[in-house]
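K.L.:
Protein chains: 2
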Amino acid sequence: MFLSKLDSLNDALKLIDDNQKLMDTEEIPLDKAHKRVLAEDIISYHNSPPFDKSAMDGFALKAENTFNASQSQPKTLKIIDMVGAGCFSDKSVGEGHAVIIATGAPVPDGADAVLMKEYTTTKDDELTIYSQVTPGENISPKAEDIKKGDTVLSKNTFIRYQEMGLIASAGYDTVKVFKKPNVKLIITGNELVEPTKDELSDAKIINSNKFTIKSMIEDSGACVSISHVGDSFKEVRNAIHDASEEYDVIMTTGGTAISDGDVVLDVVDDLGEILFHGVAIRPGKPIGAGIINDKMIFTFSGQPVAAMSQFDIFARKYLFEMQGRKFDLSVTKRQAKLKIPSQLGRTDFIRAFSDDDYARHILNRGSGIIRSMVEANSYIIIDENDEGYQKGDLINVVFFNSLLW
Amino acid sequence: MFLSKLDSLNDALKLIDDNQKLMDTEEIPLDKAHKRVLAEDIISYHNSPPFDKSAMDGFALKAENTFNASQSQPKTLKIIDMVGAGCFSDKSVGEGHAVIIATGAPVPDGADAVLMKEYTTTKDDELTIYSQVTPGENISPKAEDIKKGDTVLSKNTFIRYQEMGLIASAGYDTVKVFKKPNVKLIITGNELVEPTKDELSDAKIINSNKFTIKSMIEDSGACVSISHVGDSFKEVRNAIHDASEEYDVIMTTGGTAISDGDVVLDVVDDLGEILFHGVAIRPGKPIGAGIINDKMIFTFSGQPVAAMSQFDIFARKYLFEMQGRKFDLSVTKRQAKLKIPSQLGRTDFIRAFSDDDYARHILNRGSGIIRSMVEANSYIIIDENDEGYQKGDLINVVFFNSLLW
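This is how it looks when you write it as structure tokens:
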């Protein structure tokens, strides 16, 4: 009953956006924060480096004492101390003095440059230098990386390995992040069985969506729990009802078409509100979404490829943004390797193999052909106002890699 | 002592490649195989779909019985059965017959097409059709995705969500993959302390490498365990010796320069063999690698940015290929936004922010400036034979995202 009039893609996406939820925050050890999203600004407690630091192994000295030194005209200085990483020298470097210094060690008072060990020779406390340095050379000045009190990262930043280091240097051993959403994935379908090497009896089909959609949820930073239920209204209703009390988001596969066995949207209608059912896209037209007990439910097709595309188009952004991470399709342009027909009034997400220059669509692309997703590394997206492209036209491409958490 | 003559980057990479190890394999539940690497070919036990399957909700019938049907000239057929997903019909579709069929259900004998429900009306067992279909229309033929006995995925394939679905459909509930390497990360440095909000005493510095390098190891599919030891030969030797007995790979940070406190390479020399120490790259020149107890050891700098770059240049490929996953830097071309000087005889990995068209290098890029890695999303790579580039030149860029597992 719901599919008779299709929503446009933009209308459907807006309905999801209007119902976007944000997770609560939690404080976790920094150690566990890799690939989480900051729920606070990071304001540094320290300067980094905390002092003028040597960037080389060599000798701390006054730069002017090195001027004009060369291989043919070496100069001589007196070594008065040695300083390693983790120690301060209590000596002050005066005229004609030098202090042996290690990479990372604090530059002693009075010195304004470090001459690399490679350009020197030593004999007892006598240092012979064969090269000159300018003031500041080979010194990482105090606070050059981070100034105490500076906001070094903003709320909503995704924590890559680089940010891990910056947060540590700012003095945080715990960090406030957005919680991961708990997603309930409900697989519907009497015909579905677990993978087996045995011959399939009756009209059974192996449940592949369980594996693909679970993995896609993981690839969106979220946690997932799976149930498999039959097609009856009662079974599906019980599963969705229970999930709506315990989980942050519900996803289903199967039962979204319009035959009598397709009860999923009837259940959504019964338990809550349908936002839309049926969107002018290909593949994946029978996608639905709704709100039950204030939780978003996405109802994906049973067809494996349709379900994957629907997840990419509708659910990824929702899961990312629940965790405070901005998400937009990262669209780039490529030349069409082949002519691609399309239909006005429908947005196509065409599986493709793209490289630095070209996008070539996968020819065999029924919505049940998982192999077409395996051969692909990208979508070609054809807008509802376009009737397709000629070979050589510049077309919109989204790489699968750019969709991952 | 080791740094006096620098290896070229290619020579150093070849030494690592010559010592590449491959992990053993293990059989794991398919459920856990996402983002692992296949250690066997996947040969399908099944056809998929296992029978001619309806791709739509509608009516299974003989296509020729629909020819010339239209809105103005409807035709009438007799409904003789109904078939849902998971069931076979025991009726045969004859002349003038139709069977109600759900998406995913097996097409009954005698039928050669499915007419979508949208183009029909029904009254009791009388079906009125307003559109025609061609033979095969709306049917996913048996084995169109996968043929029983076909090799659908090859050994060494990285298992994305798509491959998860394909492996399931092929009938595998367990799968043979390469084991994850266990990496021991040994942080050296008396001066390093854990992140703290308290003022740092003496010449202490916060240990950020622990967080960045650990996260990079995780981003390479491997497992990691961390120790922090002081700079003494004995401490470093004990830690590396023990690690070489228990772990698959060893990584260290700090102690790779040439001052007296830099003992890491001396330990490698003592316990095993140094492959190289000192490579003509920037940042990261003091990188070393060696073999101890038949295990690879990478000795990274203590400087945070140098350590990250060294990991990307030397260790990622090693960890990927230990797990059977091919890895090459994914180099693309961008226009230089600014002029970039470089030095002959040295390969530069310059932190940059790149978009679809341009690469702009980060100006403040001392090897201790973690912020430069945070502002960057890519490396500009300048070959040892290039003296730099002018604004507008096409240059080699590697996006950080392309390096991840």
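These protein sequence lines are chains A and B, in that order. Each step along the first sequence adds one to the number in the numbering used here, with nothing skipped, and position 275 is 275. Each step along the second sequence adds one to the number in the numbering used here, with nothing skipped, and position 186 is 591. Glycine is no exception: its CB is placed at the ideal position from the N, C-alpha and C atoms.
1) Under a three-way DSSP split, which group does alanine 465/B fall into?
2) Should histidine 277/A and threonine 252/A be called a contact, given that it needs their Cβ atoms to be closer than 9 Å?
3) Would you grab the beta carbon distance between threonine 212/A and glycine 659/B for me? Rounded to a whole angstrom, and I think it's under 8 Å.
4) Measure from the C-beta of methionine 406/B to each C-beta in chain A and report whether the shortest distance is under 9 Å.
5) Pull up the distance between the alpha-carbon of aspartate 125/A and that of aspartate 665/B, whole angstroms please.
6) Got a sec? Which residues, its chain only, sit under 7 Å from aspartate 231/A by beta carbon, not counting five neighbours each side?
7) Hey, out of Ile340/A, Tyr358/A, Met308/A, whose CA is closest to lysine 332/A's CA?
8) Could you tell me the distance, in whole angstroms, from the CA atom of lysine 467/B to the CA atom of threonine 525/B?
9) Pick helix, strand or coil for serine 545/B, following the three-state DSSP scheme.
10) Are lysine 589/B and alanine 648/B close, meaning C-beta to C-beta below 9 Å?
11) Step through the CB atoms of chain B and report whether any lies within less than 9 Å of the CB of alanine 55/A.
12) Who are the Cβ neighbours of serine 772/B in its own chain at under 6 Å, not counting the five residues just before and after it?
13) State the Cα-Cα distance for the pair isoleucine 240/A and lysine 722/B, rounded to the nearest angstrom.
14) In terms of residues, what are the limits of the beta strand (DSSP E) holding alanine 757/B?
15) If you run the structure through DSSP and keep just helix, strand and coil, what is histidine 646/B?
16) So glycine 463/B and lysine 522/B are supposed to be a Cβ contact under 8 Å. How far apart are they, rounded?
17) Using a beta-carbon distance below 9 Å, is asparagine 614/B in contact with chain D?
18) Hey, is the segment 130 to 146 of chain A in contact with the segment 103 to 118 of chain A, meaning 3+ C-beta pairs nearer than 8 Å?
19) In chain order, what residues of the same chain have a beta carbon less than 6 Å from the beta carbon of valine 249/A, not counting five sequence neighbours either side?
20) Keeping to the same chain, check which residues put their C-beta closer than 6 Å to that of serine 354/A; ignore five residues upstream and five downstream.
21) Under 9 Å, do isoleucine 611/B and histidine 46/A count as touching if we go by C-beta distance?
22) Looking only at its chain, what residues have a beta carbon closer than 8 Å to the beta carbon of valine 93/A, apart from the 5 residues adjacent to it on each side?
23) At which residue ranges does the segment 77 to 141 of chain A contain complete alpha helix (DSSP H) runs of 4 or more residues, listed in the order of the chain?
24) Beta carbon of leucine 734/B, beta carbon of leucine 808/B: below 9 Å?
25) Give me the residue from Ser169/A, Leu275/A, Asp202/A with the minimum Cα distance to serine 8/A.
26) I need the straight-line Cα distance from isoleucine 551/B to isoleucine 572/B, nearest angstrom please.
27) Out of Asp90/A, Asn65/A, Ala85/A, Ser89/A, which has the shortest C-alpha to C-alpha gap to lysine 78/A?
28) List the whole-angstrom C-beta distance separating alanine 510/B from alanine 490/B, where the pair is believed to meet the contact cut-off of C-beta under 8 Å.
29) At least one CB of chain A closer than 9 Å to the CB of arginine 751/B: is that the case?
30) Which class does methionine 778/B belong to by DSSP, given the choice of helix, strand or coil?
31) Is lysine 391/A closer than 9 Å to glycine 336/A when the C-beta atoms are compared?
32) Give the interface partners of threonine 617/B over in chain A, defined as CB-CB distance under 7 Å, in chain order.
33) Have a look at valine 598/B and glycine 626/B and give me their C-alpha separation to the nearest angstrom.
34) Name the chain B residues that come within less than 9 Å of asparagine 19/A, Cβ to Cβ?
35) Short of 7 Å Cβ to Cβ, which residues in the segment 645 to 657 of chain B face chain A?
36) Name the chain A residues whose beta carbon is nearer than 8 Å to that of tyrosine 577/B?
P.N.:
Let me lay it out:
1) In this structure, alanine 465/B counts as strand in the three-state DSSP scheme.
2) No, these two residues do not count as a Cβ contact at 9 Å.
3) So it is not a contact: roughly 43 Å between Cβ atoms.
4) Note that methionine 406/B scores 44 on pLDDT, short of 50, meaning its location in the model is unreliable and no value can be drawn from it.
5) For aspartate 125/A and aspartate 665/B, the gap between their C-alpha atoms comes out near 16 Å.
6) Take aspartate 231/A, set aside five residues on each side of it, and the residues of its chain with a beta-carbon closer than 7 Å to its own are Thr188, Gly189, Asn190, Gly255, Gly261, Val263, in chain order.
7) One detail in the question is off: residue 332/A reads as threonine in this sequence, not lysine. If we check each option's Cα against that of threonine 332/A, Tyr358/A comes out closest.
8) Distance between the alpha carbons of lysine 467/B and threonine 525/B is about 15 Å.
9) DSSP, reduced to helix, strand and coil, places serine 545/B within a strand of the structure shown.
10) Against a cut-off of 9 Å, the Cβ pair of alanine 648/B and lysine 589/B comes out as a contact.
11) So yes, alanine 55/A belongs to the interface.
12) Correct list, in chain order: Pro688, Gln708, Val710, Ala711.
13) Each residue's Cα considered, the two are about 45 Å apart.
14) It spans 752 to 759 - the beta strand (DSSP E) in which alanine 757/B sits, taken as one unbroken run.
15) Note: histidine 646/B maps to helix in three-state DSSP.
16) Yes, glycine 463/B and lysine 522/B are in contact; Cβ-Cβ is about 5 Å, under 8 Å.
17) Within the model displayed, chain D is absent; protein chains A and B are what it includes.
18) Judged by Cβ distances under 8 Å, the segment 130 to 146 of chain A makes contact with the segment 103 to 118 of chain A, as three or more pairs qualify.
19) Only Pro181, Val183, Met296 meet the Cβ criterion.
20) By the criterion of a C-beta distance shorter than 6 Å, serine 354/A is surrounded in its chain by Arg334, Ser378, Val397, once the five residues flanking it on both sides are discounted.
21) Yes, these two residues count as a Cβ contact at 9 Å.
22) Hits under 8 Å: Ala60, Leu61, Lys62, Ile80, Val99, Pro108, Asp109, Gly110, Ala111.
23) As far as the segment 77 to 141 of chain A is concerned, it has no whole alpha helix (DSSP H) run of at least 4 residues.
24) Using a Cβ distance threshold of 9 Å, leucine 734/B and leucine 808/B count as a contacting pair.
25) Among Ser169/A, Leu275/A, Asp202/A, the Cα nearest to that of serine 8/A belongs to Leu275/A.
26) Answer to the nearest angstrom: the Cα atoms are 11 Å apart.
27) Comparing Cα positions, the closest option is Asn65/A.
28) Indeed, because the Cβ distance is near 5 Å, the residues count as touching under 8 Å.
29) No, arginine 751/B does not count as interfacial toward chain A.
30) It is helical.
31) Residue identity check: residue 336/A is alanine in the sequence provided, not glycine. Their beta carbons are under 9 Å apart, which means alanine 336/A touches lysine 391/A by this criterion.
32) Result: Tyr161, Gln162, Met164, Gly165.
33) Approximately 27 Å, taken between the alpha carbons.
34) Those do not exist, as asparagine 19/A stays about 25 Å from chain B at its closest Cβ, beyond 9 Å.
35) Going along the segment 645 to 657 of chain B in chain order, one finds no residue with a Cβ nearer than 7 Å to chain A.
36) Among the residues of chain A, those whose CB is under 8 Å from the CB of tyrosine 577/B are Pro195, Lys197, following chain order.
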